[in-house]
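J.: In my numbering, the protein residues as written are 168 to 369. For each residue, glycine too, the CB sits at the ideal point set by N, CA and C. Please see the structure below; I have some questions.
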Ligand SMILES: C[S@@+](CC[C@H](N)C(=O)[O-])C[C@H]1O[C@@H](n2cnc3c(N)ncnc32)[C@H](O)[C@@H]1O
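Below is the structure:
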């Protein structure tokens, strides 16, 4: 089965884009994430699995990835594409339901949330619900990575997360901003150079 940019374009109201992410954007999304140790990773809006594929190339063999996709064609395509990969669980449901899946596996904390969801198209209440759930599940050293074609959620992200770094990927259609968020910020301990995480006030 093949899947083309036409699927993104014909579903633009839910995909929010005209094609899959470029390697340049994907590299920027995954930059700075540590894949050496076992991790629990959530991926939201997997589409044709272009980011999933790059994550899988990097991860430790004991890492588990839970990917969420609502579009039935992308879901079927990705399910088939990654059928032999035992690190990856794919769900045909909204990322908004990720906490139900986590509860089913008795998972309370996750290391990375990598999202390409078109949050600009979401209802405000859904965006808030999702971001608050992410915040609740993110571990102290965890990261939430989200790309967007505008900076219209920057203020919201800054109000919710202790640290929000923004990068820009020019070589993507359209060019995209990448938010890299933490629930803590790293500070230097008096006694040495080690960076320790300081959690935000809830
Ligand atoms: C911008 S595309 C990203 C696709 C791919 N990850 C990439 O970077 O090229 C957004 C994807 O999110 C999916 N999506 C939209 N709303 C969703 C939701 N609530 N839960 C899960 N996936 C969703 C769309 O169907 C689409 O495949």
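Residues around ligand 3, please: the condition is that the C-beta lies closer than 6 Å to some non-hydrogen atom of it.
T.: Judged by which ligands are present, ligand 3 is missing from the structure shown, whose ligands are ligand 1.
J.: Which runs of the alpha helix (DSSP H) fall wholly inside the stretch 312-345 and span at least 4 residues, in chain order?
T.: 321-327
J.: Would you call the stretch 305-318 and the stretch 196-205 touching, i.e. three or more CB-CB distances under 8 Å?
T.: yes
J.: What's the gap between the Cα of residue 369 and the Cα of residue 327?
T.: With a pLDDT of 48 at residue 369, under the threshold of 50, the predicted position of this residue should be treated as unreliable, and no value is reported.
J.: Per DSSP, residue 279 is paired with what?
T.: 208 and 310
J.: For the alpha helix (DSSP H) containing residue 232, name the first residue and the last one.
T.: Note, residue 232: premise wrong, no alpha helix (DSSP H); beta strand (DSSP E) at 231-235.
J.: Looking at the strands, I want to know which residues DSSP matches up with residue 258.
T.: 235
J.: Indicate whether residue 296 and residue 337 have their beta-carbon atoms separated by less than 9 Å.
T.: no
J.: Name the two residues that bound the continuous alpha helix (DSSP H) containing residue 301.
T.: Residue 301 -> alpha helix (DSSP H) spans 291-304.
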